[in-house]
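Protein chains in written order, with my numbering: chain A, 1 to 143; chain B, 1001 to 1146.
Beta carbons are placed, not taken as given, at the ideal position from N, Cα and C, and that holds for glycine.
Let me begin by presenting the structure, written as structure tokens, before commenting on it.
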């Protein structure tokens, strides 16, 4: 059984920091065009249970990128921080924002159909199409 | 073949900021340094541009000075990480994933490999440089230009 764990993280300039409960040490990669454009690489994220405790929330900018999701970033330094289900306390935070990224395991790649050809991960992972991955967040049947 | 180049165009997620630039090669590198990973959420994959960066929507662009030598620009409206700039030069590392056309891109190096955490690994077979090696290579290239 995967044990949840308390984690903390912060943006590059330190204006925003957070404490949250990660579902596990599992990290996923999202190759979708929106995540890649937003972050500058494939987005590496972990799932969080419930609402995080955020310090410096006044420095957070929110951009609603689709009907489903919104993206949080630091308005001072531009660090990408989280993707969340719009209107719900369902958050994923970036692996890069963690204070201590030890013990992480890359277990999943999603939106594999959107991955460009120029990079590839060596890690053995579960690979999901976007609609299959998103059903976990939206509750919709995979398309 | 110095004249052979490519004009690339890109934009942020919300479209408020767009850019075009002339680059020598469609080669990209992945930076594993802790600043890039904290800023971009994962390794930052970038295309080198040495020259003019033509930007539209500049009023939406914000810049954060992350070190003595580098600054990072992003869209204030959507938070897209757009480019890293070597202060005082016309050298930019443009986010490859912001490009409108990403066909033809080749990952040819990985830098700051000494700061890469253990949990991920690219399968691409590329040279891997430590931070010290990157700085040394840059200093050498500066010497060569003078």
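Quiz item: Anyone know if the C-beta pair for residue 1008 (chain B) and residue 1057 (chain B) falls short of 8 Å?
Solution: Contact: no.
Quiz item: Can you list, in chain order, the residues of its chain whose CB lies under 6 Å from that of residue 1034 (chain B), leaving out five sequence neighbours each side?
Solution: Correct list, in chain order: 1115.
Quiz prompt | Residue ranges of each beta strand (DSSP E) within the segment 57 to 95 of chain A, 3 or longer | solution = Entirely contained in the segment 57 to 95 of chain A, the beta strand (DSSP E) runs reaching 3 residues are, in chain order, 60 to 64, 69 to 74, 80 to 85 and 91 to 94.
Quiz item: Any residues in the segment 1114 to 1138 of chain B with a beta carbon nearer than 7 Å to a beta carbon of chain A? Which ones, in chain order?
Solution: When CB distances to chain A are screened at a threshold of 7 Å, the residues of the segment 1114 to 1138 of chain B falling below it are 1117, 1119, 1120, 1121, 1122, 1123 and 1124, in chain order.
Exercise. Within 10 angstroms of the Cβ of residue 144 (chain A), are there 16 or more other Cβ atoms? Answer buried if so, exposed if not.
Key: This structure gives no information on residue 144 (chain A), because the portion of chain A shown stretches from 1 to 143.
Exercise. Taking residue 1023 (chain B) and residue 1107 (chain B) to be in contact with their CB atoms under 8 Å, please state how far apart those CB atoms are, rounded to whole angstroms.
Key: Their Cβ separation, rounded to whole angstroms, is 15 Å, which puts residue 1023 (chain B) and residue 1107 (chain B) out of contact at 8 Å.
Quiz item: Can you pull the DSSP bridge partners for residue 106 (chain A)?
Solution: DSSP lists A:27 as partners of residue 106 (chain A).
Exercise. Note down, in chain order, every chain B residue with its Cβ under 8 Å from the Cβ of residue 111 (chain A).
Key: Close to residue 111 (chain A), with beta-carbon spacing below 8 Å, lies no residue of chain B; the smallest spacing is near 13 Å.
Quiz item: For residue 1132 (chain B), does the three-state DSSP call read helix, strand or coil?
Solution: If DSSP states are grouped into helix, strand and coil, residue 1132 (chain B) belongs with the helices.
Quiz item: Once you ignore the five residues that flank residue 1075 (chain B) on each side, which residues in its own chain have a CB closer than 6 Å to its CB?
Solution: So the list reads 1012, 1016, 1017 and 1060, once near-sequence residues are dropped.
Quiz item: From which residue to which residue does the alpha helix (DSSP H) around residue 137 (chain A) run?
Solution: According to the DSSP assignment, residue 137 (chain A) belongs to the alpha helix (DSSP H) that extends over 130 to 138.
Exercise. Measure the C-alpha to C-alpha separation of residue 1077 (chain B) and residue 88 (chain A) and round it to an integer number of angstroms.
Key: One alpha carbon belongs to residue 1077 (chain B), the other to residue 88 (chain A), and they sit about 21 Å apart.
Practice problem: Give me whichever residues DSSP pairs with residue 126 (chain A) in a beta bridge. | Solution: DSSP links residue 126 (chain A) through a beta bridge to A:108.
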